[in-house]
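All residue numbers for the sequence shown refer to the working numbering, where the first residue is 327 and numbers rise by one.
Report on the following structure.
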Amino acid sequence: MPDPEFSEKVAVICKSDARFDPKAYEFVRVGLNHTAEELKKRDAARARRSHHVTPPELLNGLRGYALEQFGPMAKTILNAWGVRRSRDFGEIVFNLIEHKVFSKTETDRLEDFDALYDFDEAFVKPFLPADPPAAKSSRIP
């Protein structure tokens, strides 16, 4: 269910930085929650305490969440929202940090989101057919 306060903050962000569709901000917010829950499932110690999701963890979580939600259309949808590279997710995160929606640690940097993965490799390649085995020569020796 949409959060009106979140939507209002995103509207303010989008007025000053129109690079990304508001849907991209909502995707990152929901994707962060999804990522945190997935990490808790994998790590019992993490489930007992609050854990800060690192930029690489978030980027990998957003990748998985996008593939799960949008399948082969993931790259197309993200691109339509203005998200074309992993750093764009970082730009969204840091816009949300600036507006006190997300928090960060002293060690988190925007550069932590740079080039973690290529969008074609991350969102297109999983849906391409596997390379066929090398064709055997039909020549008779």
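For every residue, glycine included, the Cβ atom is placed at its ideal position computed from N, Cα and C.
Alpha carbon of residue i to alpha carbon of residue j, nearest angstrom
i                 : j             : result
glutamate 394     : proline 330   : 26 Å
alanine 448       : valine 338    : 31 Å
aspartate 438     : glutamate 383 : 11 Å
phenylalanine 396 : leucine 385   : 16 Å
alanine 362       : aspartate 457 : 34 Å
proline 452       : serine 412    : 17 Å
Where the alpha helix (DSSP H) through residue i begins and ends
i             : result
threonine 380 : Per DSSP, threonine 380 belongs to no alpha helix (DSSP H) and is neither H nor E.
leucine 358   : 348 to 368
valine 450    : Unbroken run through valine 450: none, as it is neither H nor E.
glutamate 331 : 330 to 342
DSSP three-state assignment for residue i, whether helix, strand or coil
i             : result
glutamate 408 : Before going further, note that residue 408 is glycine rather than glutamate in the sequence given. DSSP places glycine 408 in coil when its eight states are reduced to three.
proline 398   : helix
leucine 442   : coil
Given residue i as reference, the closest of the options once Cα atoms are compared
i                 : options                           : result
alanine 400       : Cys340, Ile339, Pro455 and Phe353 : Phe353
arginine 435      : Lys426, Val427, Tyr391 and Gly416 : Gly416
phenylalanine 346 : Ala406, Leu388, Thr431 and His360 : Ala406
7 Å CB neighbourhood of residue i in its chain, flanking five on each side removed
i            : result
cysteine 340 : Pro348
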